[in-house]
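Visitor:
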Amino acid sequence: MPGVTSPNPNDPRVIRTRRLILDAFIDQLNKKDFYTITINDITQKATINRATFYAHFQDKYALLETLLSDAFLEYVIKRIDAEARLSEEIIQKLILSLCDYHDSSNQCVHKYNSVAPILEEHIKNQLEQFILQLITREANNTDQRTLELAATILSWSIYGVTFRWNVEGKKESPTDLAERAVPLIFNGVVLSLVSQIS
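For the sequence shown, full-length UniProt numbering begins at 1 and goes up steadily by one.
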C-alpha cells in the first residue's frame, strides 16, 4: 500500500502482530481454498484493521510467501549446515527435510491442493538457491550457467521425489525414500558436475 512505512521487525508488538496475521491466515487455509480467502477474513480473525495488515504484507500472496519461507527455513535450511559441501549425506538430509516439510504442510493446511502450485514453485526456487550456494563454493572456476543448471536439476529432482512421495500417500518412510533416491541423484548429477569441475 503506497505511503505505508514498514514496521520495525524487531519490535515485540510487530512480532506479535505478524504472528496474529500468520495464525489467522493458517486458520483460514484450514477452512477455505486459498483463492477464496480475503484480506477481510484474515483481519477479522486476527482482530486487526486493514491498514495494519498492509503495514506488514502487500497482499495475501506476500503473506503466503512469508509462511512458506518461514516453513522452508524451519524444515530445510536450519537442519543443514550452510557451510557444508554437497554430498550424498546432504542430499539425504534435503530429502528427509522436504518430506517433513510436505508432512507439516498437509497437517497445517487442510486445503493443501489449493496452495500446492504456489508452494511448489516457491520451494523449488528456494531449494535451487540453497544448492547453488553449496556448489558454487566448491566450483568457483566453473561456468556459472553450468552451476545454475546443475542446481536446477538437483533441486527439481529432490523436490520431485518428495512431492511424488507426498501425493502418492507416503507408501514408504522418508529414510527408505532417501536411500533409494540418493544414489540415483548423486551418481547422475553430482558426479557429472564433479567431473566438469576437475
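Just so it is clear, CB atoms sit at the ideal spot from N, CA and C, and this is done for glycine as well.
1. Mind checking which residues open and close the alpha helix (DSSP H) that includes L154?
2. Give the straight-line distance between the Cα atoms of R85 and Q58, rounded to the nearest whole angstrom.
3. Measuring CB to CB, does K93 end up less than 8 Å from I80?
4. Assess contact between the segment 16–23 and the segment 41–57, defined as three or more Cβ pairs (one per stretch) separated by less than 8 Å. Is contact present?
5. Which same chain residues end up closer than 7 Å to N187 when comparing Cβ atoms and leaving out the 5 residues on each side of it in sequence?
6. Which same chain residues, not among the five before or five after E65, have their C-beta less than 7 Å away from its C-beta?
7. Comparing C-alpha positions only, which one of A55, F25 and L96 sits nearest to S173?
8. Tell me the rounded alpha-carbon separation between D103 and T52.
9. Considering only their Cβ atoms, is the gap separating F163 from E120 smaller than 8 Å?
10. Just how far apart, CA to CA, sit I135 and D41?
11. Taking Cβ positions, are S105 and E128 nearer each other than 8 Å?
12. What three-state label does DSSP hand F34 in the structure shown?
13. Between I15 and the rest of its own chain, which residues show a CB-CB distance below 7 Å, the 5 nearest in sequence each way excluded?
14. With burial defined as no fewer than 16 other Cβ atoms inside 10 Å of the residue's Cβ, what is the status of R180: buried or exposed?
15. So, at 7 Å on beta carbons, what are the nonlocal neighbours of H56 in its own chain, with the 5 sequence-adjacent residues on each side left out?
16. Return the Cβ separation of W165 and L177 in integer angstroms, given the expectation that the two are a contact with Cβ distance under 8 Å.
Guide: On the basis of the supplied data:
1. Within the sequence shown, the letter at position 154 stands for residue 154. It spans Q144 to V167 - the alpha helix (DSSP H) in which L154 sits, taken as one unbroken run.
2. Mapped onto the sequence shown, residue 85 falls at position 85. Mapped onto the sequence shown, residue 58 falls at position 58. Those two C-alpha atoms are separated by around 37 Å.
3. By 1-based counting over the sequence shown, the position of residue 93 is 93. By 1-based counting over the sequence shown, the position of residue 80 is 80. In contact: K93 and I80 (Cβ atoms closer than 8 Å).
4. yes
5. Locating residue 187 in the sequence shown gives position 187, counting from the first residue. There are no such residues.
6. Within the sequence shown, residue 65 is the residue found at index 65, counting from 1. So the list reads H122, once near-sequence residues are dropped.
7. By 1-based counting over the sequence shown, the position of residue 173 is 173. The shortest Cα separation from S173 among A55, F25 and L96 belongs to L96.
8. If you number the sequence shown from 1, residue 103 lands on position 103. If you number the sequence shown from 1, residue 52 lands on position 52. Their Cα atoms are separated by approximately 32 Å.
9. As a first step, residue 120 must be located in the sequence shown, where it is residue number 120. As a first step, residue 163 must be located in the sequence shown, where it is residue number 163. Yes, these two residues count as a Cβ contact at 8 Å.
10. Numbered from its first residue, the sequence shown carries residue 135 at position 135. Numbered from its first residue, the sequence shown carries residue 41 at position 41. When rounded, the distance between both Cα atoms is 43 Å.
11. Taking the sequence shown and counting its residues from 1, one reaches residue 105 at position 105. Taking the sequence shown and counting its residues from 1, one reaches residue 128 at position 128. No; because the gap between Cβ atoms is not below 8 Å, this pair is not in contact.
12. Within the sequence shown, numbered from 1, the residue matching residue 34 stands at position 34. Helix at F34.
13. As a first step, residue 15 is located in the sequence shown; it is residue number 15 there, counting from the start. No residues qualify anywhere along the chain.
14. On the sequence shown, residue 180 is found 180 positions in, with the first residue counted as 1. That one is exposed.
15. Taking the sequence shown and counting its residues from 1, the one referred to as residue 56 is at position 56. Excluding positions up to five away in sequence, the list reads P7, T17, R18 and I21.
16. Taking the first residue of the sequence shown as 1, we reach residue 165 at position 165. Taking the first residue of the sequence shown as 1, we reach residue 177 at position 177. Between L177 and W165 the Cβ distance is about 5 Å, and since that is below 8 Å, they are a contact.
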